[in-house]
Amino acid sequence: MRKRSFALILYFLFILLPIYWMVNMGLKTNEEILGSFTLFPHAPTIANFRTIFTDPDWYTGYLNSIAYVSMNTVFSVLVALPAAYAFSRYSFLGDKHMFFWLLTNLMSPPAVFLLPFFQLYSSIGLFDTYLAVALAHMLFNVPLAVWILEGFMSGVPREIDETAYIDGYSFPRFFLRIFLPLIRSGVGVTAFFCFMFSWVELLLARTLTSVDAKPIAATMTRTVSAAGMDWGVLAAAGVVTIIPGALVIWFVRNYIAKGFALGRV
Amino acid sequence: MARIELKGLAHSYKAIPSAPTDYALRPMDMTWEDGGAYALLGPSGCGKTTLLNIISGLIHPSQGRVLFDGKDVTDLAPQQRNIAQVFQFPVIYDTMTVFDNLAFPLRNRKLGEAEVRSRVHEVAEMLELGADLKHRASGLGADAKQKISLGRGLVRKDVAAILFDEPLTVIDPHVKWILRRKLKQIHQQFRLSLIYVTHDQVEALTFADQVVVMYEGQVVQLGTPQELFEAPAHTFVGYFIGSPGMNLLPCRLDGDAIAIDGVRLPLTAEKAQRARAAGGELQLGIRPEFLRCLAAPQPGAIAADIEAVEDLGNYKIVTARLSGQVMKAKLPEDETVALGQGWLLLPPARTRLYAGGRAID
Amino acid sequence: MQKTVNNKAWLLVIPVFICVAFSALIPLMTVVNYSVQDILGPDQRVFVGTEWFLQVLQDDDLHAALIRQIEFSAIVLLIEIPLGIALALTLPTGGWRASLCLVLLALPLLIPWNVVGTIWQIFGRGDIGLAGYLVNALGLNYNYTASPIDAWITVVVMDIWHWTPLVVLLCFAGLRAIPDAYYQAARIDGASPWAVFRYIQLPKLRGVLLIAILLRFMGSFMIYTEPFVLTGGGPGNSTTFLSQYLTTLAVGQFDVGPAAAFSIIYFLIILLLSFIFYTVIQNLGKGPAS
């Protein structure tokens, strides 16, 4: 048991060191960052953070990102659940091909989709909206969600479905009250990954928006100015962008950590 | 095969239980004879799975001791107690063949391959799994998988007891009886101690020699199916067993007799005294099978209003109202009774008196 | 598990199909379009057939980048997958400890990738970064801007730092989904911890591991932002992987034709390798059927 804890602590230290360094950088001026090696800022400054919270470009970008990412997470999971159930429980024409084909959408760098998406969303008037980015991100999040959920669903024995029908459950009731709780950890992890992948996707988000729905992406990449890279602000931005995602995983923690609570059916 | 004793056994999920309701399993003493087939019957949440898991060693009881053949095993892990357990849904090792599944417990005990092979074949024959031995266990149906689970228990010659936790829950209804019959066969052939948890009274009554009825963490009666039917020790047993369950009629004590609606049913003096001493609500219990419906009054019969007669094929269910209480009687198919005014007779030999839920004998 | 044949199940799949098809087909058509034409001017397009494909396939720089890419993905997979499984097995399973671990694991994943590269850029510097300072203090001469090996190590360690939590989270969730009864049965059968891992946990993790391996394979094979920001592909082109090479081709040299042709080849390589992983893992442990 001691060896275990020791190994875990080492790993978490490994995770935390760069994060601590990022926080450190966020509290320093660019001169100090590039000038010397200091474990703590000699002259701590909250100027970087202040920029983020006061410069409207930054904080609206932040809020915009939260908006479309949340939309995307909800859509992706909702659309994926019935499909994953179908793949898991039924065999139908073309099912195996369809399932693998879904994954092929993750095999091209999003850069390939930039121009076509730009033209498409502009032409249907969705350019610079949350909806555009939320839908565009479904390109990679929906296949991911279907794959993960299908895996967890297939771990639930078929007999449970059948017993529920014999016991008189209607399909919606069965799905919500019996089935979903059994794949809780899968749903939790899917929701988090959808959130995460959409949150960090900067290219499509930046291309499909200009003013109204501009995400943190645009401002994040704007940190190179004539004076060089704004390290401090970038680091502070990095710190701030962790927060929504950390909250998301905090909220789904019980879903992920509680597993297969097989009650009496 | 072992004799299992529970001494002062109780279990609470709270650190310091104060009220009886804090206990998942209230303090009890019990003995399970070697080679007996027992059913643990009760509704969901009554503590039967907790009790089963304490016997198997998966849960350590918060109080009391468990003894196998006189030896204290309370602190021993499941594999050291040499029991086998079959769970509610089939638990098999997916990547192994049926043969390897059955061989697994033996190989873990480092038995020689020759002996492993002979034991596995023996058990597979018995369970009619011989044809599937080379197949992957994951491809078989639920009933075959449960047989494999059972087989992993049988394969160990010295298994102390086999415990079943509602094993037929996910089995197809048409196939359930096949497995039940197989279990009975195995019991008769090997005289193993079997403890079978279920909430289905039909399963319990057909499978077991002795049934333990549990209710709210307590054992309310231990007896043969016949005893449970004819002489329930607790109103819950009366209600839970039998279809429909026992009729319970509130009544009061009038001297040395029970008085209902002006009719007096005499008791012996000792019985009346015991009823008075026990306290609690008084009820008369009679099973629908024994309640007699009469068209004309007889001594001891009580007036009632016959409300409905349902014909269910080879028997009829009569619904009557007596003293405001709904009563049901079961009549053979050739008898009938008219609707409207009627009389119900409670044969003293078949009528039980309950005070506070417990039988007064 | 036996699945029932039911073609009406397509109805459940249609929303997904629409979303994904519509997002995928259009770009595909565009790329194919570009890959078989030479655009000399706004209205001058010449159909050149497979010329770009041949040119691209004979490019030596491309071969070099491809080999580097394969090496990188192999190393990263070989480290992250076993490490992820091991960590998932070691994590606490409930209570505040598990919650804390989950949050900490999520942190590296949530940082935008360019920030990840930027942080590690400073972090790894011997003069102003914690890691660089410590490693040099141990006596090793470490400089990722000058030495290709140091650059490789830094990129690999950065990737491990960034992406192992993905594997851990997937495996952790997968482990939680294993019903208690399996562990109980294993205890009763007298199984050793290794047997429990080999016969219960690993088989039941197969689905989740497939996803983890495919995600990490595709992710590492298409990696662009983090190494680009960290090393710019250098020193020289020692850390120039395939994505960066492709981008340079398209953007830097503005050779749309070859870039489009290469995109298709790139995609096909990933498709092929993913398919191989998929088939192998699905059939692993599927011996003689019943």
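So the protein sequences, as listed, match chains X, L and V.
So the first sequence is numbered by my numbering: it starts at 1396 and just counts up by one.
So the second sequence is numbered by my numbering: it starts at 23 and just counts up by one.
So the third sequence is numbered by my numbering: it starts at 49 and just counts up by one.
All C-beta atoms, glycine included, are put in the ideal place defined by N, C-alpha and C.
Because the structure is a prediction, the values reported are computed rather than measured.
Does the beta-carbon of residue i have 16 or more other beta-carbons within 10 angstroms, so that it is buried, or is it exposed?
i          : result
SER1661(X) : This structure cannot speak to residue 1661(X), because chain X is shown only from 1396 to 1660.
THR117(L)  : buried
THR72(L)   : buried
LEU263(V)  : buried
ILE100(V)  : At residue 100(V) the sequence reads Trp, which differs from the Ile that was named. So TRP100(V) counts as buried.
VAL204(V)  : buried
TRP199(L)  : exposed
TYR1480(X) : buried
GLU119(V)  : exposed
GLU55(L)   : exposed
LEU1458(X) : exposed
SER1605(X) : exposed
TYR1415(X) : exposed
ALA41(L)   : exposed
TYR35(L)   : exposed
ALA351(L)  : buried
PRO336(V)  : At PRO336(V) the pLDDT is 41, less than 50, meaning the model places this residue with poor confidence; the figure from the coordinates comes in the next sentence. Exposed, because fewer than 16 other Cβ atoms sit within 10 Å of the Cβ of PRO336(V).
SER338(V)  : At SER338(V) the pLDDT is 33, less than 50, meaning the model places this residue with poor confidence; the figure from the coordinates comes in the next sentence. The residue is exposed, with fewer than 16 neighbouring Cβ atoms inside 10 Å.
Cutting at 7 Å between CB atoms, please list the residues of its own chain near residue i, excluding the five before and the five after it.
i          : result
ASP51(L)   : LEU28, LYS29 and GLY30
LEU74(L)   : LEU62, LEU185, ASP187, ILE217 and VAL219
PHE1587(X) : VAL1643, ILE1644 and VAL1647
THR228(L)  : ARG202
GLN305(L)  : THR257, LEU270, LEU271, PRO272, CYS273 and TYR376
PHE1494(X) : PHE1482
PHE289(V)  : ALA113, ARG116, GLN117, PHE120, ILE271 and PRO275
In whole angstroms, what is the alpha-carbon distance linking residue i and residue j?
i          : j          : result
PRO288(L)  : LYS70(L)   : 39 Å
THR98(V)   : PHE1569(X) : 55 Å
GLY1546(X) : PHE1409(X) : 30 Å
ALA185(V)  : VAL277(V)  : 25 Å
TYR261(L)  : MET268(L)  : 5 Å
LYS132(L)  : PRO189(L)  : 29 Å
ALA183(L)  : VAL216(V)  : 40 Å
VAL108(L)  : GLY1550(X) : 20 Å
ASN130(L)  : ALA243(V)  : 9 Å
ALA253(L)  : VAL1584(X) : 55 Å
LEU344(L)  : ASP327(L)  : 7 Å
LEU320(V)  : ILE329(V)  : 14 Å
ALA24(L)   : LEU334(L)  : 45 Å
TYR1406(X) : LEU137(V)  : 13 Å
ALA279(L)  : HIS33(L)   : 41 Å
ALA1630(X) : VAL1507(X) : 29 Å
THR295(V)  : PHE310(V)  : 10 Å
Identify, in the order they occur along the chain, each residue of the same chain with its Cβ nearer than 8 Å to the Cβ of residue i, setting aside the five sequence neighbours on each side.
i          : result
LYS293(L)  : LEU375, ILE382 and ASP383
SER1400(X) : none
ARG1659(X) : Low local confidence applies: a pLDDT of 34 at ARG1659(X) is under 50, so the model's placement there is unreliable, with the coordinate-based value given in what follows. Contacts found: none.
GLU355(L)  : ASP333, GLY335, ASN336, TYR337 and LYS338
Identify, in the order they occur along the chain, each residue of the same chain with its Cβ nearer than 6 Å to the Cβ of residue i, setting aside the five sequence neighbours on each side.
i          : result
ARG213(L)  : GLY57
PRO241(V)  : none
ASP1607(X) : ASP1523
### Query
Where in the region 215-244 of chain L do unbroken runs of the alpha helix (DSSP H), each at least 4 residues long, occur, reported from the N-terminal end onward?
223-229
### Query
What runs of the alpha helix (DSSP H), each 4 residues or longer, lie entirely inside the region 1524-1579 of chain X?
1525-1548 and 1553-1561
### Message
Give the list of continuous alpha helix (DSSP H) stretches no shorter than 4 residues that lie fully inside the region 94-178 of chain V.
### Response
99-105, 108-138, 143-158 and 161-171
### Message
Check whether the region 1553-1569 of chain X and the region 251-269 of chain V are in contact - that is, three or more C-beta pairs closer than 8 Å.
### Response
no
### Query
Could you give the uninterrupted runs of the beta strand (DSSP E) lying entirely in the region 36-108 of chain L, keeping only those of 3 residues or more?
45-54, 59-63, 85-90 and 105-108
### Query
Are three or more beta carbon pairs between the region 55-68 of chain L and the region 217-229 of chain L nearer than 8 Å?
yes
### Query
So, do the region 1431-1438 of chain X and the region 171-182 of chain V have three or more beta carbon pairs nearer to each other than 8 Å?
yes
### Query
Does the region 240-252 of chain L touch the region 80-92 of chain L, meaning 3 or more C-beta pairs lie closer than 8 Å?
no
#### Entry: Validate contact between the region 1568-1585 of chain X and the region 1632-1640 of chain X using beta carbons, cut 8 Å, 3 pairs
no
### Task
Examine the Cβ distances between the region 1533-1542 of chain X and the region 51-70 of chain V and report whether three or more of them are shorter than 8 Å.
yes
### Task
Please go through the region 257-296 of chain L and give each complete alpha helix (DSSP H) segment of 4 or more residues, from N-terminal end onward.
257-262
### Task
Please determine if the region 362-371 of chain L and the region 316-326 of chain L are in contact, where contact requires at least 3 C-beta pairs separated by less than 8 Å.
yes
### Query
Which residue spans inside the region 328-377 of chain L form an unbroken beta strand (DSSP E) run of at least 3?
337-344, 347-354, 362-367 and 374-377
### Task
Mind the definition here: the region 1450-1470 of chain X touches the region 1515-1529 of chain X only if three or more C-beta pairs lie below 8 Å; say whether that holds.
yes
### Query
Is the region 166-184 of chain L touching the region 192-209 of chain L, taking contact as three or more C-beta pairs under 8 Å?
yes
#### Entry: Three CB pairs or more closer than 8 Å across the region 222-230 of chain V and the region 244-260 of chain V
yes
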